[in-house]
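Undergrad:
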Amino acid sequence: DAKTTQPPSMDCAEGRAANLPCNHSTISGNEYVYWYRQIHSQGPQYIIHGLKNNETNEMASLIITEDRKSSTLILPHATLRDTAVYYCIVRPFSGGYNKLIFGAGTRLAVHP
Amino acid sequence: DAGVIQSPRHEVTEMGQEVTLRCKPISGHNSLFWYRQTMMRGLELLIYFNNNVPIDDSGMPEDRFSAKMPNASFSTLKIQPSEPRDSAVYFCASSIDRVHNEKLFFGSGTQLSVL
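Below, the structure written as structure tokens:
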């Protein structure tokens, strides 16, 4: 599976957009980009995933560059409850079993 | 739905004792995963079940670890004998879709401390 690179930590003011980058320059054609987050002392939570088109759901937006070598997770109006570790994962989206492998992630701190 | 339920929430035991962690997946989900999280190694996949059958146990650290899924609504992870280096948070996750498994639902975890 392709590796991902994320900044270890980021800050964001409450109410502002949080833009979390992820580099996946070795991504291959059948690999999707997934985002999960882990709030302190809880299990990871699925946020969103996508292949090449931008995606939006009730939690966030995912912007994938045209060459698919990087992506950005956008939390449009960050709240204190969005403080968490955010994991960017690339994974084949094909038939059969594929592991979801978590890296170190980005620790996002949302402050008042 | 109550989500993935794990028990106990916290477990403190002494080295050499047997430890059993329990997981109830979301009803209707047919895939189940056990993960372990430590500061040093992050989140590691230990084992994956599909339709109650172990498919991938390559992440199980050694023979002291074993996992079972006797039916669709229950799984256990057993450590015998336990060692201090097994101290970690153990998460169980379930998914409804074997083919894609894109959306895993995690439990709240079991914090294990082996003294």
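Residue numbers (my numbering), protein chains in the order written: chain W, 14 to 125; chain P, 21 to 135.
Built from N, CA and C at the ideal position, the CB exists for glycine as well.
Cα separation between residue 67/P and residue 45/P?
TA: Within the second sequence, residue 67/P is the residue found at index 47, counting from 1. Within the second sequence, residue 45/P is the residue found at index 25, counting from 1. If you take the alpha carbons of residue 67/P and residue 45/P, they lie about 14 Å apart.
Undergrad: Helix, strand or coil: which one does DSSP assign to residue 97/P?
TA: Numbered from 1 along the second sequence, position 77 holds the residue referred to as residue 97/P. Residue 97/P falls in the strand class under three-state DSSP.
Undergrad: At a CB-CB cut-off below 8 Å, which residues of chain W make contact with residue 47/P?
TA: In the second sequence, residue 47/P corresponds to position 27, counting from 1. Those within 8 Å of residue 47/P in chain W number zero; the least Cβ separation is about 18 Å.
Undergrad: What does a CB cutoff of less than 6 Å around residue 43/P pick up in its chain, not counting 5 residues either side in sequence?
TA: Position 23 of the second sequence, counting from 1, holds the residue named residue 43/P. Counting only Cβ-Cβ distances below 6 Å, and skipping sequence neighbours, we find 26, 95 and 112.
Undergrad: Which one of 125/W, 57/W and 21/W has the shortest CA to CA distance from residue 36/W?
TA: Locating residue 36/W in the first sequence gives position 23, counting from the first residue. Ranked by Cα distance from residue 36/W, the first of 125/W, 57/W and 21/W is 21/W.
Undergrad: On the DSSP letters alone, give me the boundaries of the beta strand (DSSP E) that residue 70/P sits inside.
TA: Translated into positions along the second sequence, residue 70/P becomes position 50. It spans 62-70 - the beta strand (DSSP E) in which residue 70/P sits, taken as one unbroken run.
Undergrad: Spatial neighbours of residue 121/W within its chain, please: C-beta separation below 7 Å, excluding the five flanking residues on both sides.
TA: Position 108 of the first sequence, counted from the start, is the residue given in the question as residue 121/W. Same-chain partners within the cutoff: 23, 25, 31, 33, 95, 96, 97 and 99.
Undergrad: Report the partner residues of residue 35/P according to the DSSP bridge assignment.
TA: Numbered from its first residue, the second sequence carries residue 35/P at position 15. In DSSP, residue 35/P forms no bridge with anything.
Undergrad: When Cβ atoms are compared, which residues of the segment 16-45 of chain W fall closer than 9 Å to chain P?
TA: 45
Undergrad: With a threshold of 8 Å between beta-carbons, can residue 36/P be considered close to chain W, or not?
TA: Mapped onto the second sequence, residue 36/P falls at position 16. So, not an interface residue.
Undergrad: Please list the partners that residue 31/P has in chain W, where partner means a Cβ-to-Cβ separation under 9 Å.
TA: Within the second sequence, the letter at position 11 stands for residue 31/P. Near residue 31/P there are no residues of chain W at all, since even the closest Cβ is about 15 Å away, more than 9 Å.
Undergrad: Indicate whether at least one CB of chain P lies closer than 8 Å to the CB of residue 75/W.
TA: Along the first sequence, one-based indexing puts residue 75/W at 62. Not an interface residue.
Undergrad: Can you check which of these residues, 90/P, 104/P, 108/P and 80/P, is closest to residue 135/P by C-alpha distance?
TA: Indexing the second sequence from 1 puts residue 135/P at position 115. When each option's Cα is compared against that of residue 135/P, the closest is 104/P.
Undergrad: Using the DSSP secondary-structure output, state which residues sit across from residue 44/P in a beta bridge.
TA: Taking the second sequence and counting its residues from 1, one reaches residue 44/P at position 24. DSSP output for residue 44/P lists 25/P as bridge partner(s).
Undergrad: So what does residue 119/W bridge to, in DSSP terms?
TA: Residue mapping note: residue 119/W aligns to position 106 of the first sequence, counting from 1. For residue 119/W, the beta-bridge partners assigned by DSSP are 99/W.
Undergrad: Compare the Cα-Cα distances from residue 87/W to each of 67/W, 51/W and 44/W and report the closest residue.
TA: Here residue 87/W corresponds to residue number 74 of the first sequence, with the count starting at 1. Selected option, being the one with the closest Cα: 67/W.
Undergrad: Would you please verify whether the beta carbon of residue 112/W is less than 8 Å from any beta carbon of chain P?
TA: Sequence index remark: in the first sequence, residue 112/W carries index 99 (1-based). So, interface residue.
Undergrad: What does the alpha-carbon distance come out to for the pair residue 28/W and residue 73/W?
TA: Looking up residue 28/W in the first sequence gives position 15. Looking up residue 73/W in the first sequence gives position 60. Whole-angstrom Cα-Cα distance: 14 Å.
Undergrad: If you draw a straight line from the alpha carbon of residue 115/P to that of residue 70/P, how long is it in whole angstroms?
TA: Position 95 of the second sequence holds residue 115/P. Position 50 of the second sequence holds residue 70/P. In a straight line, the C-alpha of residue 115/P is about 9 Å away from that of residue 70/P.
Undergrad: Is residue 41/W buried or exposed, if buried means 16 or more other CB atoms sit within 10 Å of its CB?
TA: Reading the first sequence from its first residue, position 28 is the one you call residue 41/W. Around the beta-carbon of residue 41/W, fewer than 16 other beta-carbon atoms lie within 10 Å, marking it exposed.
Undergrad: Within 10 angstroms of its Cβ, does residue 103/W collect 16 or more other Cβ (buried), or is it exposed?
TA: What you label residue 103/W is simply residue 90 of the first sequence in a count that begins at 1. That one is buried.
Undergrad: Am I right that residue 59/W and residue 124/P are in contact with their C-beta atoms under 8 Å? What's the rounded C-beta distance?
TA: Mapped onto the first sequence, residue 59/W falls at position 46. Mapped onto the second sequence, residue 124/P falls at position 104. Rounded, the Cβ-Cβ distance is 6 Å, consistent with contact.
Undergrad: Given this structure, state the Cα-to-Cα distance separating residue 80/P from residue 128/P, to the nearest angstrom.
TA: Looking up residue 80/P in the second sequence gives position 60. Looking up residue 128/P in the second sequence gives position 108. Going by the C-alpha atoms only, they are around 20 Å apart.
Undergrad: For residue 44/W, write down the residues that DSSP places opposite it in a beta bridge.
TA: Counting from 1 along the first sequence, the entry for residue 44/W is found at position 31. Per DSSP, 105/W.
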